[in-house]
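Notes for the one structure printed next.
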């Protein structure tokens with residue numbers, strides 16, 4: 101089975117530009133999570149969806165960040181305009197349901213550098 | 035508030051046992067996870083334990099849970115250089131809307147020296 105697929109793997113862009121990160125969750129998984137990982141703050145949950153509906157976006161840093169899940173097989177995380185402090189590794193994860201023995205499956209991440 | 039704490043670094047010699055510790059604060063947690071992150075990759079689930087268990091063993095991995103002290107540990111026997119990675123402790127719990135959520139530690143970087 102294919103795992104969680106993220107694209108691009110690396111993104112380098114200048115500040116002020118729009119950045120779009122993409123995620124394809126594992127087929128059949130009901131939950132999709134977006135995380136940000138930095139050395140200073142560790143792993144932070146930004147937002148998560150259940151059946152394509154955003155449930156908790158309290159981790160989204162500010163209005164420059166937005167996330168969508170138009171269907172069960174695709175999600176985007178957009179930063180507009182981007183700033184150097186947004187540089188981090190962004191992970192997408194999915195999990196099948198609310199079962200307590202269901203772990204989150206992570207993609208390999210997008211390493212974002214804002215110059 | 036909810037919090038999960040881990041030491042940031044651990045260094046061991048190849049062949050020795052590694053013990054990575056974690057403490058958490060939410061007494062309503064139902065399950066606790068250990069994830070492994072290798073360089074340049076995402077997190078992978080290593081093992082998990084239900085809160086009504088004291089111990090779980092899986093090959094070289096032993097998880098111990100002290101629910102009274104809210105302390106979780108991961109022991110890796112016969113540590114190999116391939117075990118070098120960051121290990122994350124995560125606590126499973128429920129938010130106000132009865133949705134699952136994980137509270138993550140900052141991760142322990144394990145260095146295995148030959």
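Residue numbers (the working numbering), protein chains in the order written: chain A, 101 to 215; chain B, 35 to 148.
Idealized CB from N, CA, C, for every residue including glycine.
Sheet register partners of residue i (DSSP bridge)
i: residue 184 of chain A; result: Its beta-bridge partners do not exist; DSSP assigns none.
i: residue 167 of chain A; result: A:177
Boundaries of the beta strand (DSSP E) in which residue i is found, first to last residue
i: residue 97 of chain B; result: 95-100
i: residue 147 of chain B; result: 142-147
i: residue 149 of chain B; result: With chain B represented from 35 up to 148, any question about residue 149 of chain B goes unanswered, as that position is not in the structure.
i: residue 111 of chain A; result: 110-113
i: residue 232 of chain A; result: Only positions 101 to 215 of chain A appear in the structure, and residue 232 of chain A is not among them; the question remains open.
i: residue 61 of chain B; result: Unbroken run through residue 61 of chain B: none, as it is neither H nor E.
i: residue 208 of chain A; result: From DSSP, residue 208 of chain A is part of no beta strand (DSSP E); its letter is neither H nor E.
i: residue 136 of chain B; result: 134-138
For residue i, three-class secondary structure by DSSP
i: residue 197 of chain A; result: coil
i: residue 113 of chain B; result: coil
i: residue 105 of chain B; result: strand
i: residue 51 of chain A; result: The structure shown does not extend to residue 51 of chain A, since chain A is modelled only from 101 to 215, so the question has no answer here.
i: residue 47 of chain B; result: strand
i: residue 104 of chain A; result: coil
i: residue 91 of chain B; result: strand
i: residue 124 of chain B; result: strand
Contact under 9 Å by Cβ, residue i with residue j
i: residue 108 of chain B; j: residue 62 of chain B; result: no
i: residue 191 of chain A; j: residue 169 of chain A; result: no
i: residue 120 of chain B; j: residue 142 of chain B; result: yes
i: residue 172 of chain A; j: residue 154 of chain A; result: no
i: residue 212 of chain A; j: residue 110 of chain A; result: yes
i: residue 69 of chain B; j: residue 122 of chain B; result: yes
i: residue 111 of chain B; j: residue 208 of chain A; result: no
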